[in-house]
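For the record, in the sequence shown the residue sitting at position 109 is 111 according to this note's numbering, with numbers rising by one throughout.
Shown next, in structure tokens, is the structure this report addresses.
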Amino acid sequence: MEEFCGKSGAMKKNGTMLFSMGCRDYHYINMNKSWQDAQSYCREHHSDLATISNMRDNNRTLESKTNSAEKYVWIGLNYTQGAWRWSDSSNASFNNWKNGEPNRNNNCVEMLSDGRWNDGGCHHKRHFICNGEEHRDYHYINEKMSWQDAQSYCRNNYSDLATISNMTDNKKAQKKHNSTEKYVWIGLNNNNTQGAWRWSEDSSDASFYNWNKGEPNGNNNCVEMRPDGCWKDEKCTTKLPFICNDFPMILISQNKTWEEAVVHCRKYHHDLISAHNVSMRKRVQDIAENATTPYVWIGLHYTCVLDFWFWIDNEDFIQDSWDPDNDMEEFCGKSGAMKKNGTMLFSRSNTEKLNFICSLC
Numbered sequence: 003m004e005e006f007c008g009k010s011g012a013m014k015k016n017g018t019m020l021f022s023m024g025c026r027d028y029h030y031i032n033m034n035k036s037w038q039d040a041q042s043y044c045r046e047h048h049s050d051l052a053t054i055s056n057m058r059d060n061n062r063t064l065e066s067k068t069n070s071a072e073k074y075v076w077i078g079l080n081y082t083q084g085a086w087r088w089s090d091s092s093n094a095s096f097n098n099w100k101n102g103e104p105n106r107n108n109n110c111v112e113m114l115s116d117g118r119w120n121d122g123g124c125h126h127k128r129h130f131i132c133n134g135e136e137h138r139d140y141h142y143i144n145e146k147m148s149w150q151d152a153q154s155y156c157r158n159n160y161s162d163l164a165t166i167s168n169m170t171d172n173k174k175a176q177k178k179h180n181s182t183e184k185y186v187w188i189g190l191n192n193n194n195t196q197g198a199w200r201w202s203e204d205s206s207d208a209s210f211y212n213w214n215k216g217e218p219n220g221n222n223n224c225v226e227m228r229p230d231g232c233w234k235d236e237k238c239t240t241k242l243p244f245i246c247n248d249f250p251m252i253l254i255s256q257n258k259t260w261e262e263a264v265v266h267c268r269k270y271h272h273d274l275i276s277a278h279n280v281s282m283r284k285r286v287q288d289i290a291e292n293a294t295t296p297y298v299w300i301g302l303h304y305t306c307v308l309d310f311w312f313w314i315d316n317e318d319f320i321q322d323s324w325d326p327d328n329d330m331e332e333f334c335g336k337s338g339a340m341k342k343n344g345t346m347l348f349s350r351s352n353t354e355k356l357n358f359i360c361s362l363c
């Protein structure tokens, strides 16, 4: 293995968000710089030149330059030490090359206006895209389950088994490992026909690893984390505590109508939070404690034309989530809200101005 425990990870610095859609922020920089100068700028002002781990990241990166007419922009991929690697030192397991590329005439990678990639001369001066903060958090579950049962639990109650994309994520997850248990499950496995190490969350190939020395030894298909943050492959049927991806969200202490809240969340964060299970509503309750209004908007809406409630992230709505005191007579012109100190749902007039909670992923 090329990377061992504690020897890999990306630089992380704070920056001002220019674009956010999903767990990773991207910053479009409309300055012309060579690839190396762009890299230096991103590391000084943000995190690093853009890392793209899957097509979802690629689409978000492309969207970050929506208002630019530039044909080419630098991303963080470059050819070094005989391989294509990202500027944050992670391996390139995903690519989106233009047909016929890379032609190996150049060592730095630029994104075209259609989102495909081309290898370009590193000396060319281009606009560029930086990584920003990744809004990822974790929740430790102190119950012993097989890897598959842990995966189901996380998907039903949180988001998924823990995805770890860099050393910053790894340290966050390690801090959640607060039990006396020696090992905990994370979301990495190679239960696929290709035998590739992939994350449970989106089946994306892993580009960051933090294996303990000598691991993986090829005998097992699921991955556990030790108390020191190092990883080891293990039998998937072993019962261990585990770490789930949590729900990154933020309270916005501004008073807006429901539609205004949706617009704000989609412009500056991700979306109005869809709190469609008890665990998510408990997290909303925790965040809403500091609200300045008695209720907070969430991503639940009623359509009079079709006569049903729906979550704006397309999850099914369960009718028994209403608070017993909620008015059930007339729903037209209403959207979903929660009391700042409760976990049940209320219908409120769309024109009422409330604080609201945005999802960051």
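Note that beta-carbon positions come from the ideal geometry of N, C-alpha and C, so glycine has one too.
Keep in mind that this is a model prediction, so the values were computed, not measured.
For I359, the closest of G344, M340, M147, S351 by C-alpha to C-alpha distance is M340. Per the C-alpha coordinates, the member of G78, T82, S95, N107 positioned closest to S89 is G78. The alpha-carbon of M330 is positioned some 8 Å away from that of S349.
When beta bridges are read from the DSSP output, G338 appears opposite S349.
Of L347, G122, I188, the smallest CA-CA separation from C156 is found for I188.
With a threshold of 16 other beta carbon atoms within 10 Å, M227 meets it and is buried. Beyond the five residues adjoining it in sequence on each side, K100 comes within less than 7 Å, by CB distance, of L114, R118, W119, N120 in the same chain, given in chain order.
Within the DSSP secondary-structure output, M251 pairs in a beta bridge with S361. Less than 9 Å separates the beta-carbon of F249 from that of S161. Inter-residue distance for K336 and D315 is about 18 Å (C-alpha atoms, whole angstroms).
In this structure, the CA atom of Q321 is about 16 Å from the CA atom of L308. Excluding its 5 nearest sequence neighbours in each direction, C44 has C-beta neighbours in its own chain below 6 Å: D50, L51, C132, listed in chain order. Here T294 is exposed. Its C-beta has fewer than 16 other C-beta atoms within 10 Å. In this chain, the alpha helix (DSSP H) harbouring A152 covers 149 to 159. Where K178 is concerned, there is no enclosing beta strand (DSSP E), although the alpha helix (DSSP H) around it starts and stops at 169 to 178. Per DSSP, V186 lies in no alpha helix (DSSP H); the unbroken beta strand (DSSP E) holding it starts and ends at 186 to 191.
Judged by pairs of C-beta atoms under 8 Å, the region 183 to 202 touches the region 211 to 227, as three or more such pairs exist.
Per DSSP, the beta-bridge partners of C132 are H29, L51. Taking all protein chains in view, the Cβ of N107 is surrounded by fewer than 16 other Cβ atoms within 10 Å, so the residue is classified as exposed.
Per DSSP, A277 lies in no alpha helix (DSSP H) segment and is marked neither H nor E.
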